[in-house]
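Working notes for the structure below.
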Amino acid sequence: MFLRLHEPEASLKIAKNSVVSIHYKLTDGQGTELDSSAGGDPLVYMHGVGNIISGLEDALTGREKGDELEVTVPPEDGYGPVLEQLVQKVPHSAFQGVDDIQPGMQFQAQSPDGSMRLIRVAKVEDDGVVIDANHPLAGETLHFEVSVSDVREATAEEIEHGHAHGDGGHDH
Ligand code: ZN
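Add 377 to the 1-based position in the sequence shown for the working numbering, that's all there is to it.
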């Protein structure tokens, strides 16, 4: 009788083009919970192609299924700094068909390059409305608690598309 040593399968380390499933909790600098996958499906993304913010992506490189980590992401590796030039005052007449403009309301605006972006009403003043086109999390230091629930290699089709398919991913 020959016995062979049982070696557990080497687990896949997260690298470029890994398809990674994570559960996460996101809190801001004040400890307020902003987002969480708890109680739902994990977030599934393709690694190394900019599908998630760079600070979180960098921290996950080389990790494997079962790993748990806490990551602090400064604004420059997250949603960027708050840009003053994205805050401006526009006349009330810019809001056609909206009678009661309130701070916190969100609108879609067309950029000069034709892309759509979300703007928020920051302040309503007599002589105009101050709007802010910064990402809502711009300027925030973000804290993530992450657990890696799965790692697999991307299929050729996923690599071509630049995103994950299947459960939790894109469904065409
Ligand atoms: Zn696709």
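C-beta atoms are modelled at their ideal positions from N, C-alpha and C, and glycine is treated no differently.
Since the structure is predicted, the reported quantities are computational estimates derived from the model, not experimental observations.
In this structure the stretch 491-506 touches the stretch 470-480; the number of beta carbon pairs closer than 8 Å is three or more. The residue among His512, Arg497 and Pro513 with its C-alpha nearest the C-alpha of Val506 is Arg497. Excluding five sequence positions before and after Asp454, the CB atoms of its chain that fall closer than 6 Å to its own CB belong to Ser431 and Gly432, given in chain order. Per the coordinates, the alpha-carbon of His542 lies some 24 Å from the alpha-carbon of Ala387. In the structure shown, Ala392 falls within a coil segment according to DSSP collapsed to helix, strand and coil. Closest by C-alpha distance to Leu437, out of Ser470, Phe379 and Lys393, is Lys393. Minimum Cα-Cα distance from Ser488 among the listed residues Leu463, Pro468 and Phe472 corresponds to Leu463. When Val525, Glu537, Ser398 and Pro452 are compared, the shortest CA-CA separation from Gly546 is found for Ser398.
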